[in-house]
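Participant: Handing you a structure now.
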Amino acid sequence: MVDPFFTVGKKYMNFEIFFQLIALFFILAAGPLVIVLLASRSGNL
């Protein structure tokens, strides 16, 4: 017999890990993006 609460918990954990990976990706992508935007606006590094 499968415990429904355990199944929901596993799905929530997977979603949480997935969300954290997306957040980490945005943080890693935002760093160089901000530098590139600042460089293109000011014209110098």
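Under our numbering, the letters of the sequence shown match residues -6 to 38, in that order.
No residue lacks a Cβ here, since even glycine has one placed at the ideal position from N, Cα and C.
1) Where does Gly36 sit, in a helix, a strand or coil, going by DSSP?
2) Enumerate in chain order the residues of its own chain whose CB-to-CB distance from Leu21 is below 8 Å, with the five nearest sequence positions on each side excluded.
3) Express the C-alpha separation of Gly24 and Gln13 in angstroms, rounding to a whole number.
Facilitator: According to the structure data:
1) As a position in the sequence shown, residue 36 is number 43, starting the count at 1. It is coil, neither helix nor strand.
2) Against the sequence shown, residue 21 aligns to sequence position 28. The answer is none, since no qualifying residue turns up.
3) Residue 13 sits at position 20 when you count from the first residue of the sequence shown. Residue 24 sits at position 31 when you count from the first residue of the sequence shown. Taking the straight line joining both Cα atoms gives about 17 Å.
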